[in-house]
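One structure is given below, encoded as structure tokens.
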Ligand code: F6R
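Shown next, in the form of structure tokens:
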């Protein structure tokens, strides 16, 4: 794992967008795994305004609420259209989200896994982290080998996401279809972005804490190519932060991105 502590939230977002942009440029037909949430809004804004080309890439989103049709403004399908897909040159036929409206959610989950496999797997998966320690909607006790399935959201997650539902946690759907931790770990590369003081403790548990399904994000420790990009606030509780900064300062490959670190 590489921890990249950035000077500010703006720098963390810019670095994330630049790394994604560089991958898209190097491999335009890549398979990109996408996340939603407040943190990613800024990343997508960077990519859209920066003119990143998406015309040949294929995307798979981590998750979708159960029971919200794609046209519902609170669905993740709408979120992706608003924040990215309608703003870039992506081919909508190559964008994929789990089908939260399926009558058979188990079948929809298996179909989603099959679509990822048919695309050749995910080259780069973008991740946020929830207050409950989730990646995707893998709430506590999600098996590290879990695959796409429906999960019941924790009250913590429904509170966290209430802002997108008029501030009313009771309006946040109770379930979501999410890639499993195992699905995420199968991606060839992971980039997890976290910003803000509210994420500091959970980042410390995910990055430095013991591997535990109570914090599904701790599973990233098992991935051989995982970058964790943090702003100053989200990095604040890391015990070995001085070492992570030392590594960044001495890795030549980060020279091009030095202004953000
Ligand atoms: C959403 C998702 C979640 C979010 C996480 C952080 O697709 O997968 O894991 O990334 O809840 O959300 P924000 O950025 O709103 O704090």
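In the numbering used here, the protein residues as written are 6 to 266.
Ideal Cβ positions, reconstructed from N, Cα and C, are used throughout, including at glycine.
In DSSP terms, what residue i is bridged to
i: residue 229; result: Per DSSP, none; premise fails for residue 229.
i: residue 210; result: In DSSP, residue 210 forms no bridge with anything.
i: residue 234; result: 9, 198
i: residue 36; result: 63
i: residue 180; result: 157
Under the three-state DSSP convention, the category residue i falls into
i: residue 153; result: coil
i: residue 68; result: strand
i: residue 79; result: coil
i: residue 73; result: coil
i: residue 162; result: helix
i: residue 89; result: coil
Straight-line gap, residue i to residue j (C-alpha atoms, nearest Å)
i: residue 71; j: residue 91; result: 23 Å
i: residue 185; j: residue 239; result: 25 Å
i: residue 89; j: residue 18; result: 15 Å
i: residue 212; j: residue 226; result: 7 Å
i: residue 98; j: residue 216; result: 37 Å
i: residue 14; j: residue 247; result: 19 Å
i: residue 209; j: residue 243; result: 5 Å
i: residue 257; j: residue 251; result: 12 Å
i: residue 253; j: residue 16; result: 14 Å
i: residue 165; j: residue 178; result: 12 Å
i: residue 249; j: residue 112; result: 43 Å
Exposed unless 16 or more other CB atoms sit within 10 angstroms - verdict on residue i
i: residue 105; result: buried
i: residue 108; result: exposed
Are the region 22-31 and the region 40-53 touching, with three or more C-beta to C-beta distances below 8 Å? Yes: at least three Cβ pairs fall under 8 Å.
Is there contact here, the region 77-93 with the region 150-157, by at least three beta-carbon pairs under 8 Å? no
Is the number of C-beta pairs between the region 27-36 and the region 132-145 that are closer than 8 Å three or more? Flag = no, the region 27-36 and the region 132-145 do not touch.
Count the C-beta pairs between the region 157-173 and the region 116-124 that are closer than 8 Å, then say yes if the count reaches three, no if not. No contact exists between the region 157-173 and the region 116-124.
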